[in-house]
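Residue numbers (my numbering): 7 to 619. Where is the CB? At the ideal position from N, CA and C, for every residue including glycine.
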C-alpha cells in the first residue's frame with residue numbers, strides 16, 4: 007500500500023525500467039538541471055544522479071516527469087482516493103454501492119498521522135553546505151531547494167490541525183545569507199503559511215518552520231494540493247500514500263515525518279526580511295530579487311540512505327505540469343461542488359497556469375430575461391476569482407455550457423473559436439483594476455499588483471471567423487508581418503516598446519485609430535501586437551505564452567472603436583492586446599549554450615542519455 011520512503015519508490019522505478027542511473031560526476035551548477043529539462047522534454051525516465059560533484063548525497067530528478075509515472079507511484083491508492091472524493095460529492099454513494107463501506111473507513115483512517123518516539127530521520131546531522139547545491143539557471147541568485155515541503159503551525163493554536171505544508175521555494179546559498187546558518191523562504195500571496203506569518207507578527211514573536219525534503223512521494227504531492235481550509239496536508243498525504251504518516255518530534259522542535267530524507271529546522275523572525283532570488287521560474291522568466299522571510303537554521307537532519315529530490319522549472323511545460331494534471335484528475339470532479347454552476351475549469355499550463363483560466367459555466371437566468379447576454383456567468387466568474395489559487399487568474403475566459411454541451415475545455419483552439427464567435431467586446435469585458443496578481447508575474451505595475459479581466463460569452467454565434475489574411479491588408483508604419491494564429495486571431499509585429507505608457511502607448515493608439523469599426527481587419531475579433539509574430543505563429547503554445555505572460559489587462563488591452571459608457575469600457579471593432587515585452591518585465595530564461603553542449607555529450611553512443619534525448 008503505497009511507498010513509505012523515497013528510496014522504496016526509486017527502487018521500484020528502477021526495477022520497472024522507469025529510471026536510469028547517471029554515475030558520471032555531474033556538476034550541480036547548471037548541468038544537473040539542464041539534464042533534467044532535456045530528459046523531461048522527451049518524456050524520458052526518472053534520473054538518479056549517484057555522483058553530484060562536491061556532494062556526498064545522491065539526487066533524484068524527473069520523478070514526476072510523466073503523468074503515467076505519477077499515476078504509477080500512487081497506483082495502489084488512487085481507487086481509495088477516488089472513493090472518498092465521490093463520497094464528498096454524494097454520500098448516497100455508500101447506499102448505492104455498499105462495497106465502498108469496506109474501503110472507505112480504512113482509507114479515512116489513513117488521514118490520521120501517528121506519533122513515533124524514534125525515527126531514521128533524526129539519526130544523522132549535516133550542514134546546509136553539505137546539501138546538494140543545485141543551481142538551475144545561469145542568473146539564479148544561488149542554489150535552491152526546488153521540491154521543498156515547508157511545514158508551519160499556528161502560533162495561537164499549535165498542532166497539526168492548524169498546520170500548513172506548502173511547496174515554497176528555499177534559497178540555500180548566495181545573496182546576503184549567512185553561510186550554513188540562514189536560508190531564504192519565498193512564498194506567494196494566498197499561501198497558507200502567510201496566515202501563520204501574520205499571526206507571529208501580531209503576537210510579536212518568532213515562529214518555527216521545518217523544511218522537509220524527500221520522504222514518501224505522497225508528501226510532495228500533498229504540499230501542492232489545493233486542499234480546503236481545515237484539512238491538513240499531512241492528512242491528505244496519508245490518504246494518498248495508503249498509510250498513516252508517522253511523525254517524530256524532537257524536544258523544542260515541530261513534528262517531522264519519520265521517513266523524510268532531509269529536514270531543515272529553523273525559526274523565522276517575522277520582522278526580518280532579506281533579498282531572495284533571482285530564480286528562473288515557471289512563467290518562463292526570472293523572478294527578480296525581492297525581500298522575503300529568512301529562516302535561521304539550527305539543525306539539519308538526514309536519513310542514512312537519503313536521496314535529494316529536485317526539479318527545475320521554466321517556461322511550461324515542465325515537470326510541474328505533471329503535478330497539475332495529476333491534481334486535476336484527483337480534484338476535477340469537485341469543481342461543481344465547490345463552485346455551483348461551474349462545469350469545468352482549465353488553468354492553461356502553456357500560458358503559465360495563473361495568467362489564463364478557461365471556464366465553462368451555465369446560464370440559468372433565462373426565465374427572467376429573453377436577452378442573450380452573460381448574466382449568471384458573471385456571478386460564476388466572480389466566484390471563481392474568489393476561490394483559493396484560482397483567484398490569481400489574470401485572464402478568465404468563460405462560456406456557457408448551454409450553447410455547446412460538447413465543448414471540451416482542454417481543446418484550446420475549439421474553446422477560443424466558441425468564445426470569439428459569440429463575444430461582444432462592447433458588453434462582455436469586465437475588468438478588475440489595481441488588484442493583486444501572481445507574485446511571479448511581472449506584467450503588472452508592481453510586485454503582486456496588476457489587473458484582471460473576465461471575458462464572458464453566451465448565446466448564438468454572431469460572426470464567422472476568418473482563417474486567412476484579408477486582401478490588401480494595410481498596416482500602420484512600424485507594424486508588419488501579420489500571421490493568423492487561429493481562426494479569428496491575428497498576430498502583428500509591432501515597434502519595440504522602449505517607453506512604457508500603460509493604456510496610452512502612442513503606437514497602439516495610432517494602430518487602433520487607423521481602422522474604423524467596419525474595416526475588414528475587424529473580421530478578426532482578436533489582434534495581438536507582439537515582438538515576433540513568426541515565433542507566435544510557429545505553434546499554439548508560443549502565442550499563449552507570449553500573450554498572457556506579457557500583458558496586464560487594464561493597461562495593455564486596446565480596441566478599435568473603443569468607447570466608455572458609465573465606467574464600462576468596450577470596443578465596437580477588434581480587441582487589441584499589447585503583448586510586447588515591456589521595459590519593466592523580467593528577463594526570459596535562456597539556456598547556457600556551453601552547458602547544453604555538455605548535455606549533448608552525455609547522449610553520444612555509450613553515454614547515459616544515449617537514445618533518450
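Find out if the Cβ-Cβ distance for the pair residue i, residue j is shorter than 8 Å.
i, j, result
"residue 50", "residue 495", "no"
"residue 295", "residue 394", "no"
"residue 415", "residue 462", "no"
"residue 365", "residue 350", "yes"
"residue 569", "residue 576", "yes"
"residue 71", "residue 328", "yes"
"residue 316", "residue 224", "no"
"residue 6", "residue 558", "Not covered by the structure: residue 6. The range shown for the chain is 7 to 619."
"residue 55", "residue 65", "yes"
"residue 227", "residue 270", "no"
"residue 605", "residue 44", "yes"
"residue 406", "residue 426", "no"
"residue 251", "residue 213", "no"
"residue 34", "residue 61", "yes"
"residue 293", "residue 592", "yes"
"residue 356", "residue 528", "no"
If you draw a straight line from the alpha carbon of residue i to that of residue j, how long is it in whole angstroms?
i, j, result
"residue 75", "residue 314", "19 Å"
"residue 174", "residue 518", "43 Å"
"residue 2", "residue 488", "Past the edges of the chain, shown from 7 to 619, lies residue 2, and the structure says nothing about it."
"residue 386", "residue 231", "23 Å"
"residue 257", "residue 272", "13 Å"
"residue 552", "residue 422", "16 Å"
"residue 41", "residue 287", "17 Å"
"residue 100", "residue 245", "Reliability fails at residue 100, whose pLDDT of 43 lies under 50, so the model's placement of it is uncertain and the value that follows must be treated cautiously. Rounded to the nearest angstrom, the two C-alpha atoms are 19 Å apart."
"residue 150", "residue 217", "12 Å"
"residue 242", "residue 187", "32 Å"
"residue 87", "residue 168", "23 Å"
"residue 396", "residue 233", "13 Å"
"residue 83", "residue 249", "10 Å"
"residue 25", "residue 612", "17 Å"
"residue 142", "residue 298", "20 Å"
"residue 20", "residue 399", "39 Å"
"residue 23", "residue 550", "35 Å"
"residue 311", "residue 205", "37 Å"
"residue 474", "residue 505", "33 Å"
"residue 477", "residue 615", "50 Å"
"residue 485", "residue 534", "11 Å"
"residue 526", "residue 197", "47 Å"
"residue 492", "residue 211", "55 Å"
"residue 369", "residue 378", "10 Å"
"residue 104", "residue 67", "For residue 104, the pLDDT reaches just 49, beneath the cut-off of 50, and the residue's location in the model is therefore unreliable, although a value from the coordinates is still provided. Cα to Cα, the separation comes out at about 42 Å."
"residue 58", "residue 171", "28 Å"
"residue 508", "residue 324", "32 Å"
"residue 220", "residue 322", "24 Å"
"residue 63", "residue 583", "49 Å"
"residue 13", "residue 53", "13 Å"
"residue 456", "residue 390", "18 Å"
"residue 78", "residue 229", "19 Å"
"residue 132", "residue 177", "17 Å"
"residue 490", "residue 563", "19 Å"
From the DSSP secondary-structure annotation, give me the bridge partner or partners of residue i.
i, result
"residue 301", "189 and 274"
"residue 590", "For residue 590, which the question treats as bridged, DSSP gives no partner whatsoever."
"residue 486", "499"
"residue 157", "171 and 216"
"residue 367", "406"
"residue 131", "307"
"residue 150", "177"
"residue 460", "402 and 436"
"residue 582", "533 and 564"
"residue 442", "455"
"residue 571", "574"
"residue 35", "141"
Could you check how far apart the C-beta atoms of residue i and residue j are, in whole angstroms? I think they sit under 8 Å.
i, j, result
"residue 513", "residue 501", "5 Å"
"residue 122", "residue 253", "7 Å"
"residue 464", "residue 435", "With a Cβ gap of about 14 Å, residue 464 and residue 435 do not count as contacting."
"residue 2", "residue 578", "It is not possible to answer for residue 2, since the shown part of the chain is limited to 7 through 619."
"residue 265", "residue 10", "5 Å"
Contact the stretch 190 to 197 vs the stretch 131 to 140: 3+ CB pairs below 8 Å: Three or more Cβ pairs closer than 8 Å define a contact, and the stretch 190 to 197 falls short of that threshold against the stretch 131 to 140.
Is there contact between the stretch 277 to 292 and the stretch 171 to 185, where contact requires at least three CB pairs shorter than 8 Å? Contact check between the stretch 277 to 292 and the stretch 171 to 185: three or more CB pairs, one atom from each, fall below 8 Å, which counts as touching.
Report yes or no: do three or more beta-carbon pairs, one from the stretch 359 to 372 and one from the stretch 433 to 450, lie closer than 8 Å? Segments in contact, yes.
Below 8 Å, can you find three or more Cβ-Cβ pairs linking the stretch 596 to 608 to the stretch 538 to 545? No, they do not touch.
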